[in-house]
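If you read the sequence shown in my numbering, its first letter stands for residue 300, the second for the next number, and so on.
Where is the CB? At the ideal position from N, CA and C, for every residue including glycine.
Values in this document were obtained by computation on a predicted structure and should not be read as measured data.
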Amino acid sequence: MSIEQTVWSYLRNKGLPEKSAAAIMGNIYQESSFDPTQIEAGNRIGFGLFQWSYERRTQLEAYGTDLQHQLDFFWSELTGENTSSRGATLQWINKGNFKLDNFLKGNGSIDELTEAFCVCWERAGVPMMQNRIEAANKYFSQYTGTSPSPDSANSNSNSITVEATNYQVVADSQKKGDVLFGRRYRITVSDSNGDGLDVSDLRCTFNITKTIQMEPNSSEITIYNLNAKTENSIMMNGKRVTVEAGYEGTQFGLIFDGDILQTIRERENGTTFKLTIIALDSDRAINFDIANFSLVKGQTARSIVDHIANKAENPIDMGSISEKLSGQKLTRGKVFFGKASDYLRQIAKSNQLQYYMDDGRLHLISLDELPEGEIIELTPTSGLIGTPEQTDYGISGRCLLNPQIKLNSLIHIDNSTVRAKRIDINGSNASPQGGTADGSSVTNNARNTIIAEARRICDDPKVEYNQDYRGQTINGITYWDCSSFVKQCYEVAGLSIVDITWSQYKQVANEGGNFILQSDALPGDLVFWGTGDSCHHVAIYAGDGYVYAARGKDGKSPVDQVAYHALYGDPSFGRPKCLVDADKGTLPSASYATEGDNASQTLFRSLDKDGIYRVIKIVYEGDTRGESWYSNFETIDQLGGAIATVSN
Numbered sequence: 300m301s302i303e304q305t306v307w308s309y310l311r312n313k314g315l316p317e318k319s320a321a322a323i324m325g326n327i328y329q330e331s332s333f334d335p336t337q338i339e340a341g342n343r344i345g346f347g348l349f350q351w352s353y354e355r356r357t358q359l360e361a362y363g364t365d366l367q368h369q370l371d372f373f374w375s376e377l378t379g380e381n382t383s384s385r386g387a388t389l390q391w392i393n394k395g396n397f398k399l400d401n402f403l404k405g406n407g408s409i410d411e412l413t414e415a416f417c418v419c420w421e422r423a424g425v426p427m428m429q430n431r432i433e434a435a436n437k438y439f440s441q442y443t444g445t446s447p448s449p450d451s452a453n454s455n456s457n458s459i460t461v462e463a464t465n466y467q468v469v470a471d472s473q474k475k476g477d478v479l480f481g482r483r484y485r486i487t488v489s490d491s492n493g494d495g496l497d498v499s500d501l502r503c504t505f506n507i508t509k510t511i512q513m514e515p516n517s518s519e520i521t522i523y524n525l526n527a528k529t530e531n532s533i534m535m536n537g538k539r540v541t542v543e544a545g546y547e548g549t550q551f552g553l554i555f556d557g558d559i560l561q562t563i564r565e566r567e568n569g570t571t572f573k574l575t576i577i578a579l580d581s582d583r584a585i586n587f588d589i590a591n592f593s594l595v596k597g598q599t600a601r602s603i604v605d606h607i608a609n610k611a612e613n614p615i616d617m618g619s620i621s622e623k624l625s626g627q628k629l630t631r632g633k634v635f636f637g638k639a640s641d642y643l644r645q646i647a648k649s650n651q652l653q654y655y656m657d658d659g660r661l662h663l664i665s666l667d668e669l670p671e672g673e674i675i676e677l678t679p680t681s682g683l684i685g686t687p688e689q690t691d692y693g694i695s696g697r698c699l700l701n702p703q704i705k706l707n708s709l710i711h712i713d714n715s716t717v718r719a720k721r722i723d724i725n726g727s728n729a730s731p732q733g734g735t736a737d738g739s740s741v742t743n744n745a746r747n748t749i750i751a752e753a754r755r756i757c758d759d760p761k762v763e764y765n766q767d768y769r770g771q772t773i774n775g776i777t778y779w780d781c782s783s784f785v786k787q788c789y790e791v792a793g794l795s796i797v798d799i800t801w802s803q804y805k806q807v808a809n810e811g812g813n814f815i816l817q818s819d820a821l822p823g824d825l826v827f828w829g830t831g832d833s834c835h836h837v838a839i840y841a842g843d844g845y846v847y848a849a850r851g852k853d854g855k856s857p858v859d860q861v862a863y864h865a866l867y868g869d870p871s872f873g874r875p876k877c878l879v880d881a882d883k884g885t886l887p888s889a890s891y892a893t894e895g896d897n898a899s900q901t902l903f904r905s906l907d908k909d910g911i912y913r914v915i916k917i918v919y920e921g922d923t924r925g926e927s928w929y930s931n932f933e934t935i936d937q938l939g940g941a942i943a944t945v946s947n
């Protein structure tokens, strides 16, 4: 049986309609001519029937590369079935009228289905669409009406339902991975056309930092002793860099994929030159994408997220998206115009989700939901290095470089191997509060950051007040109005509040915030003029009867309307819940329950009872010719919320 017949039988045995099967085969023909060993000419990035590349190729190679493995892996990427056991991720992105459900049902012509598969799943750099369509029609004519061969790999398979385990270890469920021996790595720099240059044969070092916060992940990659021509090519044309690292076998994968921000050439000593690449993951998506579309009523939050991702100027792939977004629907149509990241942040806040980007993929997760994938056991025999240390909210530690440990993944560490957190005799072991025992005011780091950002903006001579251009920089001038100014200062401190003055007032009033007397107000609190829908101005309290504000006032130059000035009138003072939580030292956790007003402040949290921890920060360190080859991780406990304190 030919490979074409094998693929046709596989797709038809999966229940795929003939038109959809032909559409897939037309795409395979253009990608690899049905050669499962095909490697992309030139840059050698693509591999296999579908020319998998970058992280998708790494995932495939970890699962298996023969024809059956490629077909099974493809089916998981197309439908989302068995993704955990095969190490795959759902890859279809709905665009326009091209929906996955329609494709799987064969709704549309062969030409339409072929284009849909190419655009939504294959996402080819140079589509050559007419070639794909012609091949699809040829295979449809050739195989339509023929009986598929029996699927020996799947005909007797039954689905298995795994019961929830509450994070406990199920007897005989453990499985061992490969021996951690033989470093493996691939560092690729590509230009705007997608043409890549593999520099892995040279000495390279990297330091990559990823966090679950909504900020671009960063990397510093150094390449040693490039020849002048290649070095100039990277400096002039390099747009994207990817780093794949680990060990031979399954513990190998993508650890960074981002946009090159800067290149620095320097001489380390008399004979050694190095080129340092500074890159950010998802910088353009987070800081520059603009949402500009309208939706009719009846759309869910998930639909809004799909629209933002699909219509982005810089394409965004979907990662882990919580099912919580499939609930409430818009009661009327809505127009979206503004920074895409602001809308995503608002959706995350209103649904109690955490929003972050990782390797160009958007994640909106609920910390009380079970992450996808397996829990990784870390012991000295599986790569744990040194002694993990207890932190305020979990543990931190180091292990051999392991790309399977990702943000929001779960790890298991024997608590008996963890060094307990030492109580600070001279300092405070409690999270910072809003005041001291004698009533004198004190500010925490979040408040300090809010005030520092407010001062920076007000002292900047290139800042002016303007409601029409709020939040935009035009000809070197940045414009603010009162609510966008406040929102900016809070977001720099890692705190999320809504936009528009009266909405900010209502957020304090209705979402767990507090209104306080001026005598109790601290720097960083909000100051409102008016109440409810009539609230017309907001500022940031600076202390001692002064505020930082962007205030439109007749008779003043726009450059003087963003300033530090004295209080006036009869305002009210508010403290949003995010600032209340920051005063208590609250981190994102799996429990959104807050302590009562009379609850005593804990010293720090005990270790998780089951030794299960959720990863919230990873730093990868590597030197392809040196000793460094580590993953440094920080975690929070898997339950979160208020748990027992450590006592002596």
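Query, Result
"Measure the CB-CB distance between Y929 and R697 and report whether it falls below 8 Å.", "yes"
"Under three-state DSSP, which class holds M617?", "strand"
"Give the range of the alpha helix (DSSP H) segment to which T686 is assigned.", "Segment L683 to Q689 is the beta strand (DSSP E) holding T686; no alpha helix (DSSP H) there."
"Whole angstroms are fine: how far does the CA of C417 sit from the CA of P426?", "7 Å"
"Around the C-beta of Y867, are 16 or more other C-beta atoms found within 10 angstroms, so that it is buried, or is it exposed?", "exposed"
"Going along the chain, which residues of its own chain have a beta-carbon closer than 7 Å to the beta-carbon of R769, five neighbours each way excluded?", "Y778, W779, D780 and S783"
"Mapping DSSP to helix, strand and coil, what is T305?", "helix"
"Output the distance between the C-alpha atoms of R311 and N430, rounded to the nearest integer angstrom.", "23 Å"
"For C834, which of helix, strand or coil comes out of DSSP?", "coil"
"Pair every Cβ in the region 804 to 813 with every Cβ in the region 786 to 795, then say whether three or more of these pairs are closer than 8 Å.", "no"
"Grouping DSSP H, G and I as helix and E and B as strand, with all else coil, what is R718?", "strand"
"Just tell me which of C877, S491 and E673 has its CA closest to the CA of V797.", "C877"
"Given that a residue counts as buried once 16 or more other Cβ atoms are within 10 Å of its Cβ, and exposed if not, what is H835?", "exposed"
"Tell me where the beta strand (DSSP E) around Q561 begins and ends.", "F551 to R566"
"I'd like the list of long-range same chain contacts for T382, defined as Cβ closer than 7 Å, with 5 residues on each side in sequence excluded.", "S375, T388 and L389"
"Taking the C-alpha atoms as reference points, what is the distance between I554 and G548?", "16 Å"
"Evaluate I511 with the Cβ neighbour count: other Cβ atoms within 10 Å of its Cβ, from every protein chain shown; 16 or more gives buried, anything less gives exposed.", "buried"
"CB L764 to CB V861, shorter than 8 Å?", "Rather than Leu, the amino acid found at residue 764 in this sequence is Tyr. Yes."
"Among residues of its own chain, excluding the 5 on either side of N453, which ones have a beta-carbon nearer than 6 Å to its beta-carbon?", "Residue placement at N453 is flagged as unreliable, the pLDDT there being 42, under the threshold of 50; the coordinate-derived value follows with that caveat. If we look at N453 and ignore the five residues flanking it on each side, it has no Cβ neighbours."
"Which residues does DSSP list as the beta-bridge partners of S695?", "E688 and E933"
"Would you mind sorting F592 into buried or exposed? The rule is 16 or more other CB atoms within 10 Å of its CB.", "exposed"
"Rounded to whole angstroms, what is the Cα-Cα separation between C757 and D490?", "40 Å"
"Quick one: measure Cβ to Cβ for R874 and I815, integer angstroms, because I've assumed they're closer than 8 Å.", "6 Å"
"So is S408 buried or exposed if we call it buried at 16+ other beta carbons inside 10 Å?", "exposed"
"Which of the three DSSP states, helix, strand or coil, is assigned to M656?", "strand"
"When the Cα atoms are used, what is the spatial distance from T364 to R355?", "12 Å"
"Should the region 653 to 664 be regarded as contacting the region 687 to 704, the criterion being three or more beta carbon pairs within less than 8 Å?", "no"
"Rank T336, D936, W420 and N342 by C-alpha distance to the C-alpha of D691 and give the top, closest one.", "D936"
"T445: which of Q766, Q304, L479 and T487 sits nearest, CA to CA?", "Q304"
"Kindly list the residues whose CB is nearer than 8 Å to the CB of F969, restricted to its own chain and excluding five residues on each side of it in sequence; keep chain order.", "Because the chain here runs from 300 to 947, residue 969 falls outside it and cannot be looked at."
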